[in-house]
Amino acid sequence: MPAPDDRPLHRGLARAARWSLATVALLLAGPLLTLAFGGVATGGDWRTASHRPTGLAPDPAQHREAVVHVYASRTFGWRGAFADHTWLAAKPANADRYTRYEGIGWYAGDGRSVVSVSDHRAPDAEWYGAPPRLLRDLRGPAAEAVLAALPAAVASYPHATTYRTWPGPNSNTFVAHLGRAIPDLRLAMPSTAIGKDYVPLREIVVSSPSHTGFQVSVYGLVGVLAGWEEGVELNVLGLVAGIDFRNPALKLPGIGRVPGDGQATSAKGVRAGGARRDLGAAPFAAGTAKA
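Residue numbers (the working numbering): 2 to 292.
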């Protein structure tokens, strides 16, 4: 009897290995290009990195209406080639200060909450030297609707005492949770916000953070998302590629949107196309430092 021919098996394994290597190369190309062309600052000391305000947030003394902003900044050091840190800043009508809502990784341990709710830092401050991008801008009644739901949304965050930079839960998991918990926020998270897709296995199918679509995700490691605000996204190991049809753009791992999703522009100037501004009720809703 002739020996079995195992060449087809070897060819199949070799083909699978080539595809796997090609996939990894494509996923890492964006972060490597971001590092190579100076898209992030890899030097410096986090202890002396800047947290200067950037002028994106309206001055409370001049803008007495309620305001809700969502920001994203590249994380500190080489991690910034892969990911953003996101946070929400808000003030009620006639308030003199903003409150920042964010997840802070170094708060973790000994059962402490990683959720920070504080007015000590400027709402639009640089994140360890990285300028913020304004992702969401709500004013007046639209902001008041979000503010009314914000305390309950913060309190319901299920990972308050757990933090993992990758694949989550992390700071982006927290902000994505706020989006899912508050449909009026209608928040489309940046594709570079690693951790935004982290959900417990029992919730493998959930609404997208914008509440305009749905996603399937396995612990934020692999998944797919489709939504009116987000477009279509494919997540592999936390790195996201996709396409936005509503505001035409590609989404590339490590790079983000091409063209971009928000600009570091002053609140006195023209806002970027990626930062949606709502003055009335939100429309249709379907139903590092460590960063």
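We put the beta carbon where it would ideally sit given N, CA and C, even for glycine.
Where DSSP assigns a beta bridge to GLN216, which residues make up the other side? The residue labelled residue 216 in the question sits at position 215 within the sequence shown. DSSP output for GLN216 lists VAL207, LEU226 as bridge partner(s).
Simplified DSSP assignment, three categories, for THR43: Numbered from its first residue, the sequence shown carries residue 43 at position 42. The answer is coil: DSSP assigns THR43 none of H, G, I, E or B.
Under 7 Å, do TYR99 and ALA109 count as touching if we go by C-beta distance? In the sequence shown, residue 99 corresponds to position 98, counting from 1. In the sequence shown, residue 109 corresponds to position 108, counting from 1. The answer is no: Cβ separation not under 7 Å.
State the DSSP-derived secondary structure class of SER172, mapped to helix, strand or coil. Start at 1 with the first residue of the sequence shown, and residue 172 comes out as number 171. Here SER172 carries a helix assignment [DSSP, helix/strand/coil].
Bridge partner(s) assigned by DSSP for ILE244: In the sequence shown, residue 244 corresponds to position 243, counting from 1. For ILE244, the beta-bridge partners assigned by DSSP are VAL233, LEU251.
Opposite GLY104 in the DSSP bridges: which residues? Indexing the sequence shown from 1 puts residue 104 at position 103. According to DSSP, GLY104 bridges with VAL116.
Just list the residues that DSSP pairs GLY257 with in beta bridges. Walking along the sequence shown from the start, residue 257 turns up at place 256. GLY257 is bridged to LEU253.
In the structure shown, what three-state DSSP assignment does ARG19 receive? In the sequence shown, counting from the first residue as 1, residue 19 sits at position 18. Here ARG19 sits in helix by DSSP.
Should the stretch 107-122 be called in touch with the stretch 153-167, which here means at least 3 C-beta pairs below 8 Å? Touching, per the Cβ criterion.
When the Cα atoms are used, what is the spatial distance from ALA156 to PRO170? By one-based count along the sequence shown, residue 156 stands at place 155. By one-based count along the sequence shown, residue 170 stands at place 169. Here the alpha carbon of ALA156 sits roughly 16 Å from the alpha carbon of PRO170.
Inter-stretch contact at 8 Å, needing at least 3 Cβ pairs: the stretch 125-140 / the stretch 208-224: No: fewer than three Cβ pairs fall under 8 Å.
In chain order, what residues of the same chain have a beta carbon less than 7 Å from the beta carbon of ILE205, not counting five sequence neighbours either side? Counted from its first residue, the sequence shown places residue 205 at position 204. Excluding positions up to five away in sequence, the list reads VAL217, SER218, VAL219.
Check HIS86 in the structure and name its three-state DSSP category. Residue mapping note: residue 86 aligns to position 85 of the sequence shown, counting from 1. The three-state secondary structure of HIS86, taken from DSSP, is strand.
What is the rounded straight-line gap between the Cα of ILE256 and the Cα of LEU240? Numbered from 1 along the sequence shown, position 255 holds the residue referred to as residue 256. Numbered from 1 along the sequence shown, position 239 holds the residue referred to as residue 240. Distance between the alpha carbons of ILE256 and LEU240 is about 10 Å.
Using the DSSP secondary-structure output, state which residues sit across from TRP128 in a beta bridge. Here residue 128 is taken as the residue at index 127 of the sequence shown, counted from 1. Per DSSP, ALA131.
So what does DSSP say about ALA37, is it helix, strand or coil? For the purposes of this step, residue 37 is taken as residue 36 along the sequence shown, with counting starting at 1. DSSP places ALA37 in helix when its eight states are reduced to three.
Apart from the five residues on each side of it in sequence, which residues of its chain come closer than 6 Å, Cβ to Cβ, to GLY232? Here residue 232 is taken as the residue at index 231 of the sequence shown, counted from 1. Within the same chain, GLY232 has close Cβ partners GLY243, ILE244, ASP245, PHE246.
For PRO184, does the count of other Cβ atoms within 10 angstroms reach 16, so buried, or fall short, so exposed? Counted from its first residue, the sequence shown places residue 184 at position 183. With 16 or more other Cβ atoms within 10 Å, it is buried.
Coarse secondary structure for PRO32, derived from DSSP in three states: Looking up residue 32 in the sequence shown gives position 31. The answer is helix: DSSP assigns PRO32 an H, G or I state.
Cβ separation of GLY104 and VAL116, assumed to be a contact under 8 Å, to the nearest whole Å: Along the sequence shown, one-based indexing puts residue 104 at 103. Along the sequence shown, one-based indexing puts residue 116 at 115. With 8 Å as the limit, GLY104 and VAL116 qualify as a contact, their Cβ atoms being about 6 Å apart.
Outcome for ASN95 when other beta-carbon atoms lying within 10 angstroms are tallied against a minimum of 16: To locate residue 95, count along the sequence shown from 1; it is residue 94. The residue is exposed, with fewer than 16 neighbouring Cβ atoms inside 10 Å.
Given a threshold of 16 other Cβ atoms within 10 Å of its Cβ, counted over all protein chains shown, does SER74 qualify as buried or as exposed? Within the sequence shown, residue 74 is the residue found at index 73, counting from 1. Looking at its Cβ environment, which holds 16 or more other Cβ atoms inside 10 Å, SER74 is buried.
Simplified DSSP state of ALA91, which is helix, strand or coil: For the purposes of this step, residue 91 is taken as residue 90 along the sequence shown, with counting starting at 1. ALA91 carries a strand assignment under DSSP once its states are collapsed to helix, strand and coil.
Can you give me the C-alpha to C-alpha distance between GLU145 and ARG19, rounded to a whole angstrom? Working through the sequence shown from its first residue, we reach residue 145 at position 144. Working through the sequence shown from its first residue, we reach residue 19 at position 18. C-alpha of GLU145 to C-alpha of ARG19: approximately 53 Å in a straight line.
Would you mind working out which of THR193, ARG140, LEU251, LEU148 sits nearest LEU60, comparing C-alpha positions? On the sequence shown, residue 60 is found 59 positions in, with the first residue counted as 1. Checking the sequence, you will find Asp at residue 60 rather than Leu. With respect to the C-alpha of ASP60, the residue from THR193, ARG140, LEU251, LEU148 having the closest C-alpha is ARG140.
Give a yes or no on whether the minimum CB-CB distance between PRO152 and chain B is below 7 Å. Chain labels in this structure do not include chain B; a single protein chain is all it has.
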